[in-house]
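Going by our numbering, the letters in the sequence shown line up with residues 1 to 152, in that order. All remarks here apply to the structure that follows.
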Amino acid sequence: MKTIVLGVGNPILQDDGVGLHVIDALRRYINDPMVTLETASTGGMNLLDMIRGYEKVILIDAVKQNGSVPGEVKRFLLSDFHTVHSSNPHDVSLSEALQMAERLGEKHLPSTIVLIGITVNNTYEFGEQLSSEVTSAVPTAVNLVLEELNNT
1 MKTIVLGVGN PILQDDGVGL HVIDALRRYI NDPMVTLETA STGGMNLLDM
51 IRGYEKVILI DAVKQNGSVP GEVKRFLLSD FHTVHSSNPH DVSLSEALQM
101 AERLGEKHLP STIVLIGITV NNTYEFGEQL SSEVTSAVPT AVNLVLEELN
151 NT
């Protein structure tokens with residue numbers, strides 16, 4: 001199954017860049033021509049362009065949830081969220097972009113979109129380093145992505 005594993009985040013907003021760090025760690029483990037590893041610092045319509053033509057998408061991103069502790073790693077389906085935030089206030093969420101593409105008759109959309117979310121706290125301070133809690137979650141996220149790929 002043609003799959004893209006896409007780490008999303010801003011590399012200079014500390015924990016927001018966790019998806020990019022997970023992709024860097026995954027590069028040591030994945031050498032499959034059917035699996036593309038990619039990073040993105042964008043949202044909505046630009047992500048739609050990146051995932052078009054793949055059967056499965058595994059997104060890795062920072063998430064904020066009330067009551068969650070920074071560093072928790074969870075698997076979600078995109079449909080579990082009403083919106084997946086876009087880094088550009090002039091863009092739409094990925095969920096909205098997918099809905100528009102379907103209405104316009106796009107035929108090459110993924111059948112499965114999974115989100116591996118790492119709970120974060122600090123996404124507003126400048127810095128390229130992850131907090132210690134989020135750094136310790138990277139191996140867990142890597143293992144969850146590898147499991148997801150093995151179940152494809």
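Just so you know, even glycine gets a beta-carbon here, dropped at the ideal spot from N, CA and C. Bear in mind the structure is a predicted one, so any value in this text is a computation, not a measurement.
(Q) Below 8 angstroms on the Cβ atoms is my contact criterion, and I expect I51 with P110 to pass it. Report the Cβ-Cβ distance as a whole number of Å. (A) Along the sequence shown, read from residue 1 onward, the residue named residue 51 stands at position 51. Along the sequence shown, read from residue 1 onward, the residue named residue 110 stands at position 110. I51 to P110, Cβ: 6 angstroms. Contact.
Q: State the start and end residues of the unbroken beta strand (DSSP E) segment that holds L130.
A: Sequence index remark: in the sequence shown, residue 130 carries index 130 (1-based). No beta strand (DSSP E) contains L130, which DSSP labels as neither H nor E.
Q: Just the C-alpha distance for D32 and E147, rounded to the nearest angstrom, thanks.
A: The count along the sequence shown starts at 1 and reaches residue 32 at position 32. The count along the sequence shown starts at 1 and reaches residue 147 at position 147. Using only the alpha carbons, I get a separation of about 14 angstroms.
Q: Let me know if K56 comes out buried or exposed under the rule of 16 or more other beta-carbons within 10 Å of its beta-carbon.
A: What you label residue 56 is simply residue 56 of the sequence shown in a count that begins at 1. Per the 10 Å Cβ criterion, buried.
Q. If I60 and I116 are in contact, beta carbons under 8 angstroms, what's the gap, nearest whole angstrom?
A. In the sequence shown, residue 60 corresponds to position 60, counting from 1. In the sequence shown, residue 116 corresponds to position 116, counting from 1. Indeed, because the Cβ distance is near 5 angstroms, the residues count as touching under 8 angstroms.
Q | Short Cβ contact (8 angstroms threshold) for L20 with T39 | A | Counted from its first residue, the sequence shown places residue 20 at position 20. Counted from its first residue, the sequence shown places residue 39 at position 39. For L20 and T39, yes; Cβs fall inside 8 angstroms.
Q: Within 10 angstroms of the Cβ of G71, are there 16 or more other Cβ atoms? Answer buried if so, exposed if not.
A: If you number the sequence shown from 1, residue 71 lands on position 71. G71 comes out buried.
**Q.** With 16 other Cβ atoms within 10 Å as the buried cut-off, status of Y124
**A.** Within the sequence shown, residue 124 is the residue found at index 124, counting from 1. When all chains shown are included, Y124 counts as exposed.
Q | Chain-order list of residues whose beta-carbon lies under 6 angstroms from that of G7 (same chain, five-residue window excluded) | A | By 1-based counting over the sequence shown, the position of residue 7 is 7. Excluding sequence neighbours, G7 sits near G19, L20, V22, I23, T39 and I60.
Q. On the three-state DSSP scale, how would you describe I60?
A. Against the sequence shown, residue 60 aligns to sequence position 60. Here I60 sits in strand by DSSP.
Q: Measuring alpha carbon to alpha carbon, tell me which of D15, T3 and G9 ends up nearest Y54.
A: One-based indexing of the sequence shown puts residue 54 at position 54. Ranking D15, T3 and G9 by Cα distance to Y54 puts T3 first.
Q | DSSP-derived helix/strand/coil call for V120 | A | For the purposes of this step, residue 120 is taken as the residue at position 120 of the sequence shown. If DSSP states are grouped into helix, strand and coil, V120 belongs with coil.
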